[in-house]
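Numbering of the sequence shown is given in this note's numbering, commencing with residue 266 and proceeding in unit increments.
In this text, a Cβ means the ideal position worked out from N, Cα and C, and glycines have one as well.
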Amino acid sequence: MCSDHLLGYNIPLPYPGKTIMAAPHPVHGKPSEGLQCMATLDAITEAAGNYCEYQTAPSGKWQPALFAAEVVQRLLATQFHTYMQKLQEAYCKVEIRRLLAKGPPVWLEDKYALPLPEGDTHVCRVWYAKYGEEKSAKLHGALEGGERQALWHDLQQLLEETEEEME
Numbered sequence: 266m267c268s269d270h271l272l273g274y275n276i277p278l279p280y281p282g283k284t285i286m287a288a289p290h291p292v293h294g295k296p297s298e299g300l301q302c303m304a305t306l307d308a309i310t311e312a313a314g315n316y317c318e319y320q321t322a323p324s325g326k327w328q329p330a331l332f333a334a335e336v337v338q339r340l341l342a343t344q345f346h347t348y349m350q351k352l353q354e355a356y357c358k359v360e361i362r363r364l365l366a367k368g369p370p371v372w373l374e375d376k377y378a379l380p381l382p383e384g385d386t387h388v389c390r391v392w393y394a395k396y397g398e399e400k401s402a403k404l405h406g407a408l409e410g411g412e413r414q415a416l417w418h419d420l421q422q423l424l425e426e427t428e429e430e431m432e
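This is the structure:
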């Protein structure tokens, strides 16, 4: 947010006419009453220390995760590797095409427990209430940029070669 006031508060800047960029200050909440993890069906509570929130980009909005913190941590550690394993073990060309159409994942995702608001493209950060820490939502082992494109290209080429051999 740009303003002529310090950090968005009604305190004028010492240099009139100059502006500063204030970093957004997210406000994290608490779990709502009766919140349950969609994976384990365990209650998500402050006492259990399993509440977390996720931030989506580009809006920067924070919302409560519908997974317990442990499930989110497990997904961060395994989602990319699971994608690669599914590709290697797939017997059906339709399944392989579906996986390849989307490309190798980079960011944590789950359309039910971590839904994206309209206009947002991905989950970018996770906040764990128990530790009061924000962490990146980039998947462990995930590739970005040119490395991701090269992997995606190689996987698509492998599919084409496999299809040619089957004909």
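Taking the continuous alpha helix (DSSP H) assigned at residue i, which residues delimit it?
i	result
Gln344	Ala334 to Glu354
Ala366	Lys358 to Lys367
Could you tell me which residues DSSP pairs with residue i in its beta bridges?
i	result
Cys317	Tyr393
His387	Ala322
Lys403	Trp372
Ala308	Gln301
What would DSSP say about residue i, mapped onto helix, strand or coil?
i	result
Ala378	coil
Pro289	For Pro289, the pLDDT reaches just 44, beneath the cut-off of 50, and the residue's location in the model is therefore unreliable, although a value from the coordinates is still provided. Three-state DSSP puts Pro289 in coil, outside helix and strand.
Glu426	helix
Glu398	strand
For the beta strand (DSSP E) containing residue i, name the first residue and the last one.
i	result
Gln328	Trp327 to Pro329
Practice task
Would you be able to state if there are at least three C-beta pairs under 8 Å between the region 356-364 and the region 293-306?
Solution key: no
Practice task
Spell out a yes or no on whether the region 320-334 and the region 377-391 are touching, meaning 3 or more CB-CB pairs, one atom from each, closer than 8 Å.
Solution key: yes
Handout entry: Three or more C-beta pairs below 8 Å linking the region 415-425 and the region 384-401
Key = no
Exercise for the section: Count the CB pairs spanning the region 380-393 and the region 343-355 that are closer than 8 Å, and state whether there are at least three. Expected result: no
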